[in-house]
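Taking our numbering, the leading residue of the sequence shown gets 66, the next gets one more, and so forth.
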Amino acid sequence: MRAFLIMVVFFILGTCYAEESRIRTWEAVNGKKVEAEFVSIFEKQVTLKLESGKTFKVPLDKLSKSDQDFINNKSSKSSLKENIINRRIHISVEDKGTGVFEYGENGILKIYKLEEGGSLDLDETLSYEVDGTKTLVIDIDDDSSQGSLDFLSINPSQGGQIIVFDEDDEIRFTGKIVLIETGEKGKFTVKEKSAQKPTILDMLAMIGQPITKS
């Protein structure tokens with residue numbers, strides 16, 4: 066019993082230490098400092114949490130170089146899947162339109178048509194697997210490969226390029242991420258709008274439809 070109690074004490078102390086170690090000193094470029102825990106980074110906006118539990122955001126470039134290096138190091142250890150789950154990514158190809166791709170937690174990829182009024186019309190439901198910076202698109206019925214979307218980064222952001230490969234026609238073309246929506250409890254909100262509005266109104270069937278050779 067005594068040995069058991071000692072183990073419990075060490076476990077509690079270890080847990081407290083682990084929790085405390087997440088708090089670090091952050092320094093802004095203006096020299097101001099704050100004790101907080103790193104929560105996440107999205108669209109170059111860093112979310113930090115104070116010991117009180119209150120969260121706040123600060124632009125990545127407003128932090129010191131050492132803090133930026135710390136975040137970049139943590140980001141490099143994450144995966145593409147963590148950065149696309151529960152997000153709708155609007156991808157535009159010049160003179161072709163914009164497609165809306167919704168990545169679900171269960172490996173389901175929904176492709177939407179973007180209607181003239183801005184509403185979305187579900188066009189196709191597929192599945193996906195993550196491979197490095199790519200999402201491999203797979204037919205749900207027969208598990209056949211439909212193509213891939215290469216985000217060229219594990220942390221896609223607005224304005225970034227994407228390379229789409231059509232398996233059937235062996236065509237590659239380049240698109241641009243113009244909008245990213247983040248989902249929570251089935252509702253999606255825009256984190257940051259593109260400075261240039263999509264010229265679209267037709268669905269960009271990026272998978273299974275020839276577009277243009279790169």
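Built from N, CA and C at the ideal position, the CB exists for glycine as well.
- Taking just the CA atoms, how far does TYR193 sit from SER210? Translated into positions along the sequence shown, residue 210 becomes position 145. Translated into positions along the sequence shown, residue 193 becomes position 128. Rounded to the nearest angstrom, the two C-alpha atoms are 9 Å apart.
- Message: Whole angstroms are fine: how far does the CA of ASP188 sit from the CA of LYS175?
- Response: Here residue 175 corresponds to residue number 110 of the sequence shown, with the count starting at 1. Here residue 188 corresponds to residue number 123 of the sequence shown, with the count starting at 1. Cα to Cα, LYS175 sits roughly 8 Å from ASP188.
- Task: Have a look at the DSSP bridge pairing and note the partners of ARG237.
- Result: To locate residue 237, count along the sequence shown from 1; it is residue 172. Partner(s): PHE230.
- Query: Around the Cβ of SER121, are there at least 16 other Cβ atoms within 10 angstroms (buried) or fewer (exposed)?
  - Reply: Position 56 of the sequence shown holds residue 121. At residue 121 the sequence reads Phe, which differs from the Ser that was named. Exposed: under 16 other Cβ atoms inside 10 Å.
- Item | Pairwise C-alpha distance: LYS241 and PRO221 | Translated into the one-based positions of the sequence shown, residue 221 becomes position 156. Translated into the one-based positions of the sequence shown, residue 241 becomes position 176. Near 10 Å, if we compare the C-alpha coordinates of LYS241 and PRO221.
- Task: Report yes if the CB atom of ILE307 is closer than 8 Å to the CB atom of ASP215, and no otherwise.
- Result: Given that the chain is displayed from residue 66 to residue 279, the structure contains no residue 307 and the question cannot be resolved.
- For THR254, which residues from the same chain have a beta carbon less than 7 Å from its beta carbon, with the 5 sequence-adjacent residues on both sides left out? The residue given as residue 254 occupies position 189 in the sequence shown. So the qualifying residues of the chain are GLU246 and THR247.
- Local Cβ density within 10 Å of LEU244, reported as buried at 16 or more and exposed below that: As a working note, residue 244 is residue 179 in the sequence shown. Label assigned to LEU244: buried.
- Task: Using only alpha-carbon positions, find the residue among PHE103, PHE135, HIS155 and LEU185 that is nearest to GLY225.
- Result: Counting from 1 along the sequence shown, the entry for residue 225 is found at position 160. Checking every option, the nearest Cα to that of GLY225 belongs to HIS155.
- Task: Could you tell me which of ASN171, THR200 and PHE135 sits nearest to GLU102, measuring between CA atoms?
- Result: In the sequence shown, the residue the question calls residue 102 occupies position 37. GLU102 has its Cα closest to that of PHE135, out of ASN171, THR200 and PHE135.
- Does DSSP classify GLU147 as helix, strand or coil? Here residue 147 refers to the residue found at position 82 when the sequence shown is read from its first residue. Looking at GLU147 - three-state DSSP - the assignment turns out to be helix.
- Message: Let me see if you follow: with CB-CB separation under 8 Å, is ASN138 close to chain B or not?
- Response: Protein chain content of the structure displayed is limited to a single chain, and chain B is not contained in it.
- Among ASP233, GLY251, LYS252 and LEU217, which has the Cα closest to the Cα of THR239? Position 174 of the sequence shown holds residue 239. The shortest C-alpha separation from THR239 is found at LEU217.
- Query: Per DSSP, what kind of secondary structure is ASP208 in: helix, strand or coil?
  - Reply: Taking the sequence shown and counting its residues from 1, the one referred to as residue 208 is at position 143. The answer is coil: DSSP assigns ASP208 none of H, G, I, E or B.
- Task: Could you say which of ASP234, ILE219 and VAL229 lies nearest to ASN138 if we only look at CA atoms?
- Result: As a working note, residue 138 is residue 73 in the sequence shown. Answer by Cα proximity: ILE219.
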